[in-house]
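Everything below concerns the one structure shown next.
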Amino acid sequence: MRELDFGPSIRGGGSVVFRLWAPLQDVVRLDVKARDCVEMARREDGWHECEVADVLPGSRYSFILSDGLAVPDPASRFQPHDVHEASEVVDLTSYRWTADDWHGRPWEEIVLYELHIGTFTEEGTFLAAIDRLDHLRELGITAIQIMPVSDFPGRWGWGYDGVLPYAPDSSYGRPEELQKLVDEAHRRGLAVILDVVYNHFGPDGNYQAEYAPLFTDHHQTPWGNGINYDGEKSRPIREFVIQNAIYWITRFRLDGLRLDAVHAIQDDSDGHILAELARRVRSAVVERHVHLIVENENNDSDLLVRDSDGRASIFTAQWNDDIHHVLHSAATGEAFGYYADYAGDPQKIGRALAEGFVYQGEFMPFHGEPRGKSASGLPPTAFISFIQNHDQIGNRAGGDRKIASLPDDVLKAIAAIYLLAPQVPMLFMGEEWRAGEPFPYFCDFNDDLNEKVTVGRRNELSRLPGFDTEDLPHPTAESTFRSAKIDWSMLSAPSSISWLSFYKRLLKARQEHVIPRLRRISKSGTFRTLSDDALSVEWRVSDSEKLKLLCNLNDKSVFLGDVGQEPTFFSTGSLTSGVLTPWSVLWSIGQ
């Protein structure tokens, strides 16, 4: 396994090589606890390095800068006492893997389940999550997608303000316990994908700018100066991030990564860091399937291109907010904020289902400018669809699951569409039994930052759907965090059992009828609007076969006349004598 440049390297005989890239420091000392500080050797390229004998795993260490400031290792493998304290030497090779025959799952088989470790269980740990893996397997899930775990400041948080990207947050458990979670998932046939953040660092606990040119004013982001991916001395910064991606895939045997908000990753160099990262991650692991996902508000289809064999050249798929927005607005009637650009238009529902992006270069009023690029030629599996995720719930005032409160027939229709469409579906934790727990934004900074976050969030998100600033839960309160914890006892309620059964039937139908055809659906589909709210969508499987959807997303029946319809493999509602009943969804295989 390739040695990484960043973080301690455990050598034979009990010695450890410590290194820090600190070109802005002439002198850096190493402080291994219970020993005298050692001055590290400085190289011309800005690296400071030293080898120390008889250092055991579990030893704590810090770097002392020339002004006396003690800082953790930016590539720390573990922070037992949060982001400001000493780092711990961890031997990640000591874990004994049991699922050695695991080679991953092809992308066509993936059914994602997004979860937040801290709220997925009452304990909120890696080990506690293992106890729920059998539930996910029996449901029909084939991959879990974990919200960011890189060490963030405080006792709780969404994870997108991490500052030490190599260290799993200690509130969730030790690194070896994350390895065990991945191992146990693989033993059950579940892939594991991790959400990572390379567009910014959190506001508290990131010391790298004290000793390295981490940021540049050449680029601006919503969080301030951009990360220096393309300026002077940017190569080690690029390596820090690229090797971090490789680290998660190799040391923890993860099956893929989801890169947060890549539209905010700015790089004017000849080779964009996103393309280099994707290429090097894929080349680092060739013996098993590795999937790379992006969140990209710009709908940049260039990141999703396929080669002549239909394989992803850069990124495997994108979270598709467009399909969420059209289904959400159709189901709820909400037309506020960005939903106004999607509401009341079956053409947009059809385009999202058939082609992926609704906006492919057209002007989008909410953004005040054109958005997106053509998705022509991309297969449906280049898009990930969902009706719940952490953003779309958490960016509402109370973090409420609006769609879970809908009438049964409405919610069943929406679920039947996205779980059986040829895009790759993603559930959010608890969705399968219609969990009602909110998922509000929560964090735990120092007092000054807590106040700034509260005010800033109220100002920034006031124009988003469902956001009433008077009803905003305090994001730094423990009660806000605890309100998001999934109540697994509700799974035994009769209504929960009924919904879980419905979701199992949907995913069983996907397994039997949709997944075997996905590799042959290599192009966009086609759609027709049949009325103001009824439409049909078709995807070509072969010369003699199509996957077909007929739906009416309205509370009124629609007369379609003499419409031929093949036998369905899944349906809600009905088509009888040419009348398509309210909230009907009919899936079939035909010519």
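Counting from 1, one number per residue, gives the positions in the sequence shown under UniProt numbering.
Yeah, the Cβ is synthetic: ideal placement off N, Cα and C, and Gly gets one too.
Sequence-distant Cβ neighbours of Thr-529 in its own chain, meaning closer than 8 Å and more than five residues away, are Pro-346, Gln-347, Gly-350 and Leu-535. Measuring C-alpha to C-alpha distances from Ser-308 to each of Ile-384, Pro-379 and Glu-362 identifies Pro-379 as the nearest.
Excluding the 5 residues flanking it on each side, Ser-522 has same chain C-beta neighbours closer than 7 Å at Gly-310 and Pro-379, in chain order. Taking every protein chain shown into account, the CB of Leu-56 has fewer than 16 other CB atoms within 10 angstroms, so this residue is exposed. Fully contained in the stretch 121 to 164 are the following beta strand (DSSP E) runs of length 3 or more, in chain order: 143 to 146. Secondary structure remark: continuous beta strand (DSSP E) runs of at least 3 residues inside the stretch 519 to 565, in chain order: 526 to 529, 534 to 542 and 545 to 552. Taking C-beta separations shorter than 7 Å and ignoring five residues to either side along the sequence, the partners of His-513 in its chain run Phe-569 and Ile-589, following chain order.
Under the criterion of beta carbons closer than 8 Å, Val-83 and Gly-205 qualify as touching, at roughly 3 Å.
With respect to the C-alpha of Pro-516, the residue from Val-16, Glu-108 and Lys-485 having the closest C-alpha is Glu-108. The DSSP assignment places complete beta strand (DSSP E) segments of no fewer than 3 residues inside the stretch 192 to 251 at 215 to 221 and 224 to 227, in order along the chain. Checking the DSSP bridge columns, you'll see Gly-590 partnered with Lys-546.
Arg-519 is the residue among Gly-564, Asp-555, Val-585 and Arg-519 whose C-alpha sits nearest the C-alpha of Pro-106. Judged by DSSP in its simplified three-state form, His-48 adopts strand. Judged by beta-carbon spacing, Leu-181 lies within the 7 Å limit of Ile-130, meaning their Cβ atoms are closer than that value. Scanning Glu-51, Gly-140, Arg-187 and Ala-352 for the CA closest to the CA of Arg-510 turns up Gly-140. Glu-109: not part of any beta strand (DSSP E); DSSP gives it neither H nor E. In the three-state scheme derived from DSSP, where H, G and I count as helix and E and B as strand, Arg-351 is classed as helix. With respect to Val-17, Ser-59 sits apart: the two C-beta atoms are not nearer than 7 Å. Asp-183 is not a Cβ neighbour of Trp-47, given a cutoff of 7 Å. Gly-578 has its alpha-carbon roughly 47 Å from the corresponding atom of Thr-119.
In this structure Phe-445 does not touch Gly-399 by the C-beta definition: roughly 18 Å separates them, more than the 8 Å allowed. Here DSSP, grouped into helix, strand and coil, assigns Gln-318 to strand. Checking the DSSP bridge columns, you'll see Gly-58 has no partner listed.
Closest in C-alpha terms to His-325, from the list Asp-341, His-116, Glu-176 and Phe-315, comes Asp-341.
With fewer than three CB-CB distances shorter than 8 Å, the stretch 376 to 396 does not count as touching the stretch 449 to 456. Closest by C-alpha distance to Ser-557, out of Trp-319, Gly-333 and Thr-581, is Thr-581.
No Cβ-Cβ contact shorter than 7 Å links Gly-154 with Gly-202. For Ser-489, there is no enclosing alpha helix (DSSP H), since its DSSP letter is neither H nor E.
In chain order, His-219 and Gly-226 place their CB closer than 6 Å to the CB of Gln-266, counting only its own chain and leaving out the 5 sequence neighbours on each side. In the three-state DSSP reduction, Leu-419 falls in the helix class (H, G or I). Annotated three-state conformation of Gly-256 is strand, per DSSP.
Under the three-state reduction of DSSP output, Tyr-503 falls in the helix class. If you look at Ser-283, you'll find it in the alpha helix (DSSP H) that goes 273 to 284. By the 16-neighbour rule on beta-carbons within 10 angstroms, Arg-77 is buried.
Under the Cβ criterion (8 Å, minimum of three pairs), the stretch 404 to 417 does not count as touching the stretch 539 to 548. When Glu-232, Asn-244 and Ile-246 are compared, the shortest CA-CA separation from Asp-268 is found for Glu-232.
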